[in-house]
Amino acid sequence: MSGIDAVPTFAKLDLPSVEDYHKRKVALISGITGQDGSYLTELLLSKGYQVHGIIRRSSSFNTGRLHHLYEDQHEKLNKFKLHYGDLSDSTNLVYVIAQVQPTEVYNLGAQSHVKVSFEMAEYTGDVDGLGTLRLLDAIRTCGLEKHVRFYQASTSELYGKVMETPQSETTPFYPRSPYGCAKLYAFWITVNYREAYGMYACNGILFNHESPRRGRTFVTRKITRAAADISLGKQSCLYLGNLDAQRDWGHARDYVEGMWLMLQQPEPQDFVLATGETHPVREFVEKSFTAVGIQLKWSGSGEGEQAIDVKTGKAVVKIDPKYFRPAEVELLLGNPSKAERVLGWKRKVDFDSLVKEMVKADLESARSLVEDQN
Ligand code: NDP
Ligand code: GDR
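Take 741 as the starting number for the sequence shown in our numbering and just add one per residue.
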């Protein structure tokens, strides 16, 4: 017995034949409630997939980014289903895989905040590192390792300390945080299961990607929200950490397309997705404030640096050292040429358009809140 036949435990779940199995397009997404999970769900539903997602039980509402899809799909042929689960719970992962019988698994679930990983290092290692192993092993336990295509959300944080610029699939890794170290384990266990068990398993090494759905404590969204709120008089000052860090920022919608493309190739491989441009945090601040009509003037240096609103003379951006990291990744700049050549992938949204889209969305939501309060 091999493959699907080798799972007598799940025979009662009415598994299709191997041929039927592959006629279906069934995706399982961990981290479906996050920024990328919501864009990927939209993409896969538009391609006719049945989409299943793993969500964590929470005492507060955590499916806000999926709400529009859930509403759309509720009446339709059971195309979209959420399952309670957690990457720290192996039994649950086996059960979900056995129930869903996916053809593609996207492992996007993670404690994804780099600064928080210094405060929750063990948890981050457990979920981001071992969680990937648990999901891969759940696929094997169900006898599906030759039938499921697996995507691992790897990251430019693997490069950490600059060893080479721009960074490509062949650049050596040097992670600089517990998050980066956990993702390093996840990267290599994905490669290992591909080599050891012949799994179709890929790492997407994705550089920073943002959108109006970005978590509010990541620097881009923190800036665009503050610019919007300050321009409406709802906030007086934005406090940030390292303004000199440089990032290669793209749009999340472009990047989930690349994830899907990685799982449609004849052979599994690892790919960098990036824009090939890098910008300092300071520039993201300037462009966001310009987009809301505030011109900034910088003064001071180090922890004393600040920016004033030229019109009012008030300080609207200041440094708070609590946002500095114990070890920083100073410069990320990716080389996406392999993805462009092999996958035919190319980012569509450039830096200026990204900033404008995020600021516009935050202005609209801030204005509607103001209206609600009146
Ligand atoms: P988010 O932080 O927006 O989403 C993370 C998701 O993981 C959420 O759905 C979260 O659930 C879920 N999650 C957290 N802990 C667990 C757990 N213990 N078990 C199961 N699920 C869990 O991240 P993004 O969407 O931005 O990123 C997606 C993935 O890509 C992450 O793995 C991230 O590390 C990686 N990545 C992101 C990049 C980026 O620039 N955005 C770049 C490179 C890699 P909940 O909503 O309940 O918190
Ligand atoms: P990053 O994203 O660490 O690159 O990880 P983040 O937006 O948190 O930081 C980017 C850079 O901005 C500097 N910075 C600040 N960061 C935050 N969050 N808050 C601040 O106030 C602030 N001030 C300055 C940071 O020091 C850093 O240099 C993101 C996550 O999505 C990861 O999951 C993903 O793997 C990587 O991108 C690629």
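Using N, Cα and C, we set each Cβ at its ideal position, and we do this for glycine too.
So does residue 810 have its beta carbon nearer than 7 Å to some heavy atom of the ligand GDR? Taking the first residue of the sequence shown as position 1, residue 810 is located at position 70. Annotation for residue 810 indicates a beta carbon at 7 Å or more from all heavy atoms of the ligand GDR.
Give me the Cα-Cα distance between residue 1036 and residue 1025, rounded to the nearest whole angstrom. Sequence index remark: in the sequence shown, residue 1036 carries index 296 (1-based). Sequence index remark: in the sequence shown, residue 1025 carries index 285 (1-based). Taking the CA atoms as reference points, residue 1036 sits about 9 Å from residue 1025.
Is the CB-CB distance between residue 894 and residue 927 below 8 Å? Taking the first residue of the sequence shown as position 1, residue 894 is located at position 154. Taking the first residue of the sequence shown as position 1, residue 927 is located at position 187. Their beta carbons are under 8 Å apart, which means residue 894 touches residue 927 by this criterion.
On the CB-based measure, 16 or more other CB atoms within 10 Å of its CB, does residue 943 come out buried or exposed? By one-based count along the sequence shown, residue 943 stands at place 203. Burial is judged here by how many other beta carbons sit within 10 angstroms of a residue's own beta carbon; residue 943 has at least 16 and is buried.
Simplified DSSP state of residue 905, which is helix, strand or coil: Working through the sequence shown from its first residue, we reach residue 905 at position 165. Correct three-state label for residue 905: coil.
Give every residue whose Cβ lies closer than 5 Å to any heavy atom of the ligand GDR, listed in chain order. 852, 854, 895, 896, 897, 948, 958, 959, 980, 981, 982, 985, 1021, 1063
Near residue 855, what residues of its chain come up, given a Cβ to Cβ distance below 6 Å and the 5 sequence neighbours on each side ignored? The sequence position of residue 855 within the sequence shown is 115, counting from 1. Answer for residue 855: 1065, listed in chain order.
Could you give the DSSP three-state label for residue 1017: helix, strand or coil? The residue you call residue 1017 lines up with position 277 of the sequence shown. In the structure shown, residue 1017 sits in coil (DSSP, three-state: anything other than H, G, I, E or B).
DSSP state of residue 943, grouped into three classes? One-based indexing of the sequence shown puts residue 943 at position 203. In this structure, residue 943 counts as strand in the three-state DSSP scheme.
The alpha helix (DSSP H) with residue 874 in it runs from where to where? Against the sequence shown, residue 874 aligns to sequence position 134. Segment 871-881, the alpha helix (DSSP H) holding residue 874.
Closer than 7 Å to a non-hydrogen atom of the ligand SAM - does that hold for the CB of residue 772? Among the ligands modelled here, namely the ligand NDP and the ligand GDR, the ligand SAM does not occur.
Short of 7 Å in beta carbon distance, which residues of its chain neighbour residue 860, apart from the five on each side in sequence? Order them along the chain. Against the sequence shown, residue 860 aligns to sequence position 120. Hits under 7 Å: 851.
I'd like the span of the alpha helix (DSSP H) that includes residue 778, first residue to last. Sequence index remark: in the sequence shown, residue 778 carries index 38 (1-based). Run containing residue 778: 775-786, per the alpha helix (DSSP H) assignment.
Measure the alpha-carbon distance for residue 1067 versus residue 772 and round it to whole angstroms. Mapped onto the sequence shown, residue 1067 falls at position 327. Mapped onto the sequence shown, residue 772 falls at position 32. Cα to Cα, residue 1067 sits roughly 29 Å from residue 772.
Is residue 993 near the ligand NDP, judged by its Cβ being under 7 Å from some heavy atom? Here the question's residue 993 lines up with position 253 in the sequence shown. No, the beta carbon of residue 993 sits no closer than 7 Å to any heavy atom of the ligand NDP.
Contained beta strand (DSSP E) runs [length at least 3] in the segment 965-1053, N- to C-terminal order: 978-980, 1011-1013, 1036-1039, 1046-1049
Might you give, ordered along the chain, the residues of its own chain that have their beta carbon closer than 6 Å to the beta carbon of residue 900, omitting 5 neighbours on each side? Looking up residue 900 in the sequence shown gives position 160. Hits under 6 Å: 914, 915, 916, 920, 1069.
Given residue 822 as reference, the closest of 840, 1095, 868 once Cα atoms are compared: To locate residue 822, count along the sequence shown from 1; it is residue 82. Considering only alpha carbons, the answer is 840.
So, helix, strand or coil for residue 772, using DSSP? For the purposes of this step, residue 772 is identified with residue 32 of the sequence shown, where counting begins at 1. Note: residue 772 maps to coil in three-state DSSP.
I need the straight-line Cα distance from residue 783 to residue 777, nearest angstrom please. Stepping through the sequence shown from its first residue, residue 783 is reached at position 43. Stepping through the sequence shown from its first residue, residue 777 is reached at position 37. Spanning the two alpha carbons is a distance of roughly 10 Å.
Between residue 1044 and the rest of its own chain, which residues show a CB-CB distance below 8 Å, the 5 nearest in sequence each way excluded? The count along the sequence shown starts at 1 and reaches residue 1044 at position 304. Result list for residue 1044: 1059, in chain order.
Distance, residue 1097 Cα to residue 1003 Cα: In the sequence shown, the residue the question calls residue 1003 occupies position 263. In the sequence shown, the residue the question calls residue 1097 occupies position 357. Using only the alpha carbons, I get a separation of about 29 Å.
Using C-beta distances below 6 Å, list every residue in its chain close to residue 806, excluding the 5 sequence neighbours before and after it, in chain order. Here residue 806 is taken as the residue at index 66 of the sequence shown, counted from 1. Correct list, in chain order: 778.
Spatial neighbours of residue 1054 within its chain, please: C-beta separation below 7 Å, excluding the five flanking residues on both sides. Translated into positions along the sequence shown, residue 1054 becomes position 314. Within the same chain, residue 1054 has close Cβ partners 1048.
Hey, is the segment 791-802 in contact with the segment 760-775, meaning 3+ C-beta pairs nearer than 8 Å? Yes, since at least three Cβ pairs between the segment 791-802 and the segment 760-775 fall closer than 8 Å, the two stretches touch.
Between which two residues does the alpha helix (DSSP H) holding residue 790 run? Within the sequence shown, numbered from 1, the residue matching residue 790 stands at position 50. Careful: residue 790 lies outside any alpha helix (DSSP H), inside the beta strand (DSSP E) at 790-795.
Would you say residue 869 touches the ligand NDP, meaning its beta carbon is less than 7 Å from a heavy atom? Here residue 869 refers to the residue found at position 129 of the sequence shown. Not under cutoff, so the answer is no.
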